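S.K.:
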Amino acid sequence: MTTLYRVLLIVAALSLLTALVMLALGFSSGIGPALIAFFIALAIGVRGTESLRGVSFTIWIFAAVTAAMFYPQYFLYVGDFKLDRLIVPLIQVIMFGMGTALSVQDFVNVAKMPKGVLVGTVCQFTIMPLIGLTIATTFGFPAEIAAGVILIGSAPGGVASNVIAYLAGANLPLSVTLTTVSTLMAPIMTPFLMKTLAGQFVPVNFLDMMIGIINMIIVPIVLGLLFNKLFHGRTRWLDRAMPIVSMVGIAVIITIITAAGRDSLLEVGLFLILAAILHNGMGYLLGYWGARLMRLDERSCRTVAIEVGMQNGGMSSGIALQMGKLATVGLAPAIFGPWMNISGSILANYWRARPIDEPAERADERKVEEDKALAGGN
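In the working numbering, the protein residues as written are 7 to 384.
1. Please confirm if the stretch 182-195 is in contact with the stretch 111-131, defined as three or more CB-CB distances below 8 Å between the two stretches.
2. Helix or strand or just coil, what does DSSP make of Phe87?
3. Classify Tyr80: buried if its beta carbon has 16 or more other beta carbons within 10 angstroms, exposed otherwise.
4. Alpha carbon to alpha carbon, how far is Phe44 from Val27? Give it in angstroms, no decimals.
5. In this structure, how does DSSP classify Gly38 when only helix, strand and coil are distinguished?
6. Within 8 Å, do at least three Cβ pairs link the stretch 271-286 to the stretch 334-350?
7. Pairs of beta-carbons, one from the stretch 196-205 and one from the stretch 70-84, closer than 8 Å: are there three or more?
8. Write down the C-beta distance between Gly296 and Gly315 rounded to the nearest angstrom, noting that I regard them as a contact closer than 8 Å.
9. For Gln317, which three-state DSSP category applies?
10. Taking the CB atoms as reference points, tell me whether Thr6 and Ala171 lie closer together than 9 Å.
11. CA-CA distance, Gly383 and Pro120?
12. Roughly how many whole angstroms lie between the Cα atoms of Gly350 and Phe63?
13. Ignore the nearest five residues each way along the sequence and tell me which others in Phe233's own chain have a CB closer than 6 Å to its CB.
14. With a CB to CB cut of under 7 Å and the five nearest residues on each side skipped, what residues in its chain are close to Leu327?
15. Can you tell which of Arg12, Ser306, Thr132 has the C-alpha that lies nearest to the C-alpha of Leu157?
16. Using a 10 Å radius around the Cβ and a threshold of 16 neighbouring Cβ atoms, would you call Glu395 buried or exposed?
17. What whole-angstrom Cβ distance do Ile223 and Met101 have, given they're in contact under 8 Å?
18. Quick one: is Ala311 buried, meaning 16 or more other Cβ sit within 10 Å of its Cβ, or exposed?
19. Would you list, in sequence order, the uninterrupted alpha helix (DSSP H) runs of no fewer than 4 residues that lie entirely inside the stretch 123-194?
20. Please report the residue range of the alpha helix (DSSP H) in which Met329 lies.
21. Are three or more beta carbon pairs between the stretch 281-288 and the stretch 160-178 nearer than 8 Å?
22. Taking its Cβ as the centre, do 16 or more other Cβ atoms sit within 10 Å of Leu108, making it buried, or is it exposed?
23. Just how far apart, CA to CA, sit Ser21 and Ile283?
24. For my contact list, Leu58 and Ala18 are in at a C-beta cut-off of 8 Å; report their separation, rounded to the angstrom.
25. Is the beta carbon of Gly320 closer than 9 Å to that of Gly267?
26. Could you give the residue range of the alpha helix (DSSP H) that holds Val99?
27. With a Cβ-Cβ cutoff of 9 Å, do Ala74 and Ala265 count as a contact?
28. When you compare the CB positions of Trp357 and Ala69, do they come within less than 9 Å of one another, or not?
29. Quick one: grab the DSSP three-state call for Leu10.
30. Compare the C-beta of Thr24 against all C-beta atoms of chain B and say whether one is closer than 9 Å.
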């Protein structure tokens, strides 16, 4: 670790200590700058440690959320421009990036592993929405916040699940395939589940939601797929840039939602965090044992668990915006998203420390499959 990273970690510790002292002395309204400085210094400082480098992005999210909670007015408007207008375009850019990482081979993979895809997809669209409904009603959330919990459960798998599956030593080609299939099914399944399960809390227009998802998710993915087909191998810069663009986009989306829903978060924030932990954890648990029950191999069971447990929070935020309820329905995606990244990283490290025994020849084959999956199936 270089001197710079050490200094930043010391700054982080001092900033946190300052915030705690101010809180103890009753100056809670003034601890915002100290907490923001703590998260920013920590986000940069942990990059000097190999084992913690992966959580840097999540810490940046906490820095952004903290800034939005203390100073929401700066994240709602720039002049007369309302910043929530950026959410759908940012999601479209992220989905375009996902499309550029796909190829026809990813769809061929569906035929190669039909059982794993079927089991994973069924688990995705049954376990998570039903858990979401159970948690929303058990916690007694206000109607629109309850609908947001069901919404995040009704979303397809998130693209971050592919990274987590790779780190966990799971079945990466299956992970990529499941994310693709569930995303393509989202225009039908997500409105259907919302209409069926969340209709008791908020009005849900099936057709409007379906068209919104197609415009926000499917069209950019198809354009990205065509872009990859036409310009494959000639836009390496885009492959390097898209992960960064996606991370910045997600951070901006979460910050805007947090600022818009600050007052509601102050009322139910702790309960939403607990709901996120339960929802996500049950997704991992039931996804894994659902796959085990269907006699999938251990690597595929781990993959299904990750795919089921990690949802597309960005898409859920975009739907909440299109419903005109960003400050309420959009809160659950904003809270659940960062937590899924944290828990996914923890689970990946746990499983990576417990590798699956397999013949050397099969290990070599799997490595080739993973390299193809990481390269977009080419």
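Virtual Cβ for every residue (Gly too), placed ideally from N, Cα, C.
Note that the structure is predicted; figures quoted are calculated from it, not measured.
M.R.: The relevant details are as follows:
1. yes
2. strand
3. exposed
4. 14 Å
5. helix
6. yes
7. no
8. Contact doesn't hold; Cβ gap of about 12 Å is too wide.
9. strand
10. No answer is possible for residue 6: it lies beyond the span of the chain, which begins at 7 and ends at 384.
11. Confidence is the limiting factor: at Gly383 the pLDDT is only 45, short of 50, which leaves the residue's position unreliable, though a coordinate-based value still follows. Approximately 17 Å, taken between the alpha carbons.
12. 13 Å
13. Thr106
14. Asp90, Ile93, Val94, Gly336
15. Thr132
16. Look at the range of the chain in this structure, 7 to 384, and you will see that residue 395 is not part of it.
17. 5 Å
18. buried
19. 149-160, 166-174
20. Segment: none, Met329 is in no alpha helix (DSSP H) and carries neither H nor E.
21. no
22. buried
23. 27 Å
24. That pair is no contact at about 12 Å.
25. no
26. 93-106
27. yes
28. no
29. helix
30. Considering every chain present, this structure includes no chain B. It has just one protein chain.
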